[in-house]
Amino acid sequence: MLRKLFTGSLASRLVVASLLSAIILLVVAGALLSWMFRTTLERQFDTHLEALLNGLLANIEQDDRGNVYLVRQLTDPLFQLPASGWYWQITPLTSDRRAKAEFVLASPSLLERRFDVNWFSQRPRDADGAVRITMPGPHGKLLRILEQRLNLFGEKRPYSIIVAGDARQLRKEAIRFENLVLALFLLFGLGLAITIFLQVRFGLRPLRLLHDEIAEVREGRRKFLAGDFPREIRPLVQELNQLIRANRDVLERARTQVGNLAHALKTPLAVLMNEAASRDDDLGRLLREQTSHMRQQIDLHLERARRAALAGTLGVTTPVRETIMPIINALARIYHEKSVQVEVECDEGAIFLGERQDLEEMLGNLLDNAFKYGGGHVRIACRLAGNMLDIMVEDDGPGLSAEQGKQALRRGQRLDETTPGSGLGLAIVKELAGMYNGSVNLETSSLGGLRVHLRLPAARNNKR
Amino acid sequence: MRILVIEDDPELNRQLCEALEESGYAVDTAFDGEEGHFLGDTEPYDAVILDLGLPRKDGVSVLKEWRAAGRDMPVLILTARDRWSDKVAGFDAGADDYVAKPFHMAELLARLRALIRRASGHANSEITCGPLTLDTAGARVFKDGIPLKLTPMEYRLLAYMMHHQGEVISRTQLTEHLYDQDFDRDSNTIEVMVGRVRKKIGKDLLQTVRGLGYRLAPPGGNR
């Protein structure tokens, strides 16, 4: 699950990694902050305790027998209140630093309880010789205790002076602060998460753009990646473009080779056909049969190569009128004897959105039929209708019945075996038109013959 | 009628040659574009069969150069490339007809006959001159509906004269159009042949124009 989160998406990889580090940093920062706050609080409390200790020292005296007594009660009434949590205790020590319990002087709040001074003897001391500690006191309350050892009244034996205060407030304050820090840092973390998410989205936008452009290349809507990509992925884009170009070259070469092979086969095929035509024996028949089969195969594969050529040539445009005229000139020569009268009506700016070769193939086949089967009157019109071209090719020949028309649009059908040429070519026209999302319809012409209605996509005029 | 065949495939070249000779044409052959271009540029042909995919110089270039130099003999393109874009390019270069491989020899011959007839200004497949009728498809000549017995060379001579009836044809011109390049040309043979043909069709039709050559014309008129 976690692995999938990391390898599945660059974005989640970045988001998860950033979030994890942010959480760790926030936790450490929070802990550090509360620790710092707690120490500061304690130091403040300790300073207060020190002041109390000094006040206590100022109010004690030694009597003739060497016992310590209190001159004046301390002003803070909490030291009088039993078990208040605020205590003081002065303990004279023996020369081996043990407490002399019988001479202990303590605040009334302690009642008859006493601090164990010997325990303090084992504690590590701060630089000023004092022990500062937070622990439960004689009445179960949590106390902050300051213990100092001092030599009083010029004596050699030291005294242990303890001042302690109620530490519960200290604890409460610290916890309040910690809760505040927790809430604040949670909010902070949430903000950080949102920022990270937005950052990743923004930062990875060029990648999404790249993705979109690659999709467009695959769908043939653009030839190469051309976006303004950041420096880091520019080498990748260049490599991709190289790859696209190489792929296109390979495809182009393969296509040309299929074409060349098919064309190269046609000459030996012509030789075989001619040889077969002159023989009336079994071998001749076999040859005729096989050569006709080979011819179909060649045509099939040539057509496939042509169709493959269509991929990636989108965005090419061809003006219609300039394509019609050379075809009519060619046909006028082929059908010289027929002296065909041709009317051409073509909208200015009628531009076909597609390859010239394909338009030539469609118009050539249609006009050839009109010249061949017509009675000498051919009309071709091309009108711009929205984003489509309506091309009508009409003649005054015998036309086609509905049944014949259906048959003519089917592949490999040939209606008239006596007129030379490979069928009507209507099937080819239909296939080509289909590849361009166009259509072919057979209608009856006002001239009396066939009218072929060819619909093809038009290019916008300003687009060259 | 003298035809130039430019086709790089030796087998197809041979077949074309045989079929054309069988139909009564004198045939020269070339196997690459440069040789073909040279022949078409220097010899008078009545028609050329030109392959487009040729070694050394492609067919379209050959044709374009001929047309640019004013050589206007009819040219029939014979090619494996049968898309309309190829056809348009061929006609643009100045071709007169276009046959795609693989083809039927009979169709090619018919197209060629039509081309030659068209070039000499005859619209019909049959050409007549007085009592004579030339059937180009069958390679025969009829006189008053009865087929004449002619040798291949005699047919060539008569067919050429009938395509150009009314014109004075010099002996050199006849030699050039009746024999292929490799033939051992001897003007005497022409004279002998004219004499034999004249015997078969009748004296008045084929006249000798002194010092210039021969003329085929129906009796009682120049046309």
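Listed in order, the protein sequences are those of chains A and B.
Read in order, the letters of the first sequence correspond to residues -7 to 456 in this note's numbering.
Read in order, the letters of the second sequence correspond to residues 14 to 236 in this note's numbering.
Even glycine gets a Cβ: it sits at the ideal position worked out from N, Cα and C.
Point to revise | Limits of the unbroken alpha helix (DSSP H) element including A/V229 | key: Element bounds for A/V229: R226 to A269.
Review point. Distance, Cα to Cα, B/G72 vs A/L228?
Key: The C-alpha of B/G72 lies about 46 Å from the C-alpha of A/L228.
Exercise for review: Go ahead and pull the three-state DSSP assignment for A/W78.
Suggested key: In the structure shown, A/W78 sits in coil (DSSP, three-state: anything other than H, G, I, E or B).
Point to revise | Positions along the segment 78 to 104 of chain B whose CB lies within less than 7 Å of some CB in chain A | key: Residues A93, R94, R96, W97, S98, K100, V101 and F104.
Practice item. State yes or no: is the beta carbon of A/R406 nearer than 8 Å to at least one beta carbon in chain B? Key: The pLDDT assigned to A/R406 is 46, lower than 50, so where the model puts this residue is not dependable; a value taken from the coordinates is nonetheless given after this. Closer than 8 Å: no.
Review point. If we cut at 8 Å on Cβ distances, does A/K258 have a partner in chain B?
Key: Chain B, which has a Cβ nearer than 8 Å to the Cβ of A/K258, makes this yes.
**Study point:** Residue-chain proximity (A/I383, chain B), Cβ-Cβ < 8 Å
**Key:** So, not an interface residue.
Exercise for review: Taking only runs that begin and end inside the segment 173 to 228 of chain B, name each unbroken alpha helix (DSSP H) of 4 or more residues, in chain order.
Suggested key: 184 to 191 and 200 to 214, all fully within the segment 173 to 228 of chain B.
Review point. DSSP puts B/D109 in a beta bridge; with which residues?
Key: BP columns for B/D109 are empty, so no partner.
Point to revise | Nearest-angstrom Cα separation, counted from A/G378 out to A/G194 | key: Per the sequence shown, residue 194 of chain A should be read as Phe rather than Gly. The alpha-carbon atoms of A/F194 and A/G378 are separated by roughly 40 Å.
Review point. Any C-beta of chain A sitting closer than 8 Å to the C-beta of B/P115?
Key: Output row for B/P115: interface = yes.
Point to revise | Within chain B, partners of A/G356 - CB distance below 9 Å | key: Among the residues of chain B, those whose CB is under 9 Å from the CB of A/G356 are R96, W97, S98, K100 and V101, following chain order.
Point to revise | Distance CB(B/P57)-CB(B/H190) smaller than 8 Å | key: B/H190 is positioned such that its CB atom lies closer than 8 Å to that of B/P57.
Check your understanding: List, in order along the chain, the chain A residues whose C-beta lies closer than 7 Å to that of B/D71?
Key -> Those within 7 Å of B/D71 in chain A number zero; the least Cβ separation is about 13 Å.
Review point. How is the alpha helix (DSSP H) around B/V40 delimited, first residue to last?
Key: That residue, B/V40, is in no alpha helix (DSSP H); its beta strand (DSSP E) goes A39 to A43.
Review point. In the DSSP assignment, what residue or residues form a beta bridge with A/C374?
Key: A/C338 and A/I383, per the DSSP bridge assignment.
Practice item. Thinking A/T248 and A/L264 are a contact (beta carbons under 8 Å), I'd like their distance in whole angstroms, please. Key: For A/T248 against A/L264, the beta-carbon gap comes to about 25 Å, at or over 8 Å, which does not count as contact.
Check your understanding: Do the CB positions of A/L174 and A/G22 come within less than 8 Å of each other?
Key -> With a cutoff of 8 Å on beta-carbon distance, A/L174 and A/G22 are scored as near each other.
Check your understanding: Who are the near neighbours of A/E465 in its chain, counting only those whose CB is closer than 8 Å to its CB and skipping five residues on each side?
Key -> Outside the modelled stretch of chain A, which goes from -7 to 456, sits residue 465 of chain A, for which no answer is possible.
Exercise for review: For A/L457, I'd like the list of residues in its chain whose CB is within less than 6 Å of its CB, leaving aside the five on either flank, ordered along the chain.
Suggested key: Since the first residue shown for chain A is -7 and the last is 456, residue 457 of chain A is missing from the structure and cannot be characterised.
Practice item. State yes or no: is the C-beta of A/G440 nearer than 7 Å to some heavy atom of the ligand FMN? Key: Among the components modelled here there is no ligand, and therefore nothing to report on the ligand FMN.
Check your understanding: Quick one: what's got a C-beta closer than 7 Å to B/E47's C-beta in the same chain, skipping five residues either side?
Key -> Excluding residues within five positions, the ones whose Cβ falls inside 7 Å are R69 and K70.
Check your understanding: What's the call for B/G53, buried or exposed, on a 16-neighbour Cβ count within 10 Å?
Key -> Only buried fits B/G53, as 16 or more other CB atoms lie within 10 angstroms of its CB.
Check your understanding: CA-CA distance, B/S133 and B/D59?
Key -> Taking the straight line from one Cα to the other gives about 9 Å.
Review point. Tell me which same chain residues have a C-beta within less than 6 Å of the C-beta of B/I182, skipping the five on either side of it?
Key: Scanning its chain for C-beta atoms nearer than 6 Å, with the 5 sequence neighbours on each side dropped, one finds around B/I182 the residues G226 and Y227, in chain order.
**Study point:** Presumed contact (8 Å Cβ cut-off) between A/R375 and A/L439, rounded CB distance
**Key:** 17 Å between Cβ atoms; not a contact.
Exercise for review: Take A/E295 as the anchor and find which of A/N433, A/F177 and A/E353 has the nearest alpha-carbon.
Suggested key: A/E295 has its Cα closest to that of A/E353, out of A/N433, A/F177 and A/E353.
Practice item. Note down, in chain order, all residues in the segment 311 to 342 of chain A with a beta-carbon under 7 Å from any beta-carbon belonging to chain B. Key: So the list reads P318, I319, N321, A322, R325, I326, H328 and E329, given in the order they occur along the chain.
Check your understanding: Closer than 8 Å, Cβ to any Cβ of chain A: which residues of the segment 25 to 53 of chain B, in chain order?
Key -> From the segment 25 to 53 of chain B, only L25, Q28 and A32 have a Cβ closer than 8 Å to chain A.
Check your understanding: How is B/D99 classed by DSSP in three states: helix, strand or coil?
Key -> Looking at B/D99 - three-state DSSP - the assignment turns out to be helix.
**Study point:** Of the listed residues A/S101, A/A362, A/K398 and A/P198, nearest to A/P390 (C-alpha basis)
**Key:** For the residues A/S101, A/A362, A/K398 and A/P198, the minimum Cα distance to A/P390 belongs to A/A362.
Exercise for review: Could you check the C-alpha separation between A/E170 and A/F37 for me, to the nearest Å?
Suggested key: The alpha-carbon atoms of A/E170 and A/F37 are separated by roughly 18 Å.
Practice item. Could you tell me which chain A residues have their CB closer than 7 Å to the CB of B/R131, listed as they occur along the chain? Key: Going along chain A in sequence order, the residues near B/R131 (Cβ under 7 Å) are H328.
Point to revise | Inter-residue spacing [alpha-carbon to alpha-carbon] between A/R214 and A/E208 | key: Going by the C-alpha atoms only, they are around 6 Å apart.
Exercise for review: Going by CA-CA distance only, name the one from A/P100, A/W80, A/D158 and A/G146 that's closest to A/E139.
Suggested key: Of the candidates A/P100, A/W80, A/D158 and A/G146, the one whose C-alpha sits nearest the C-alpha of A/E139 is A/W80.
Review point. Is the Cβ-Cβ distance between A/L345 and A/P198 less than 8 Å?
Key: No. Outside cutoff.
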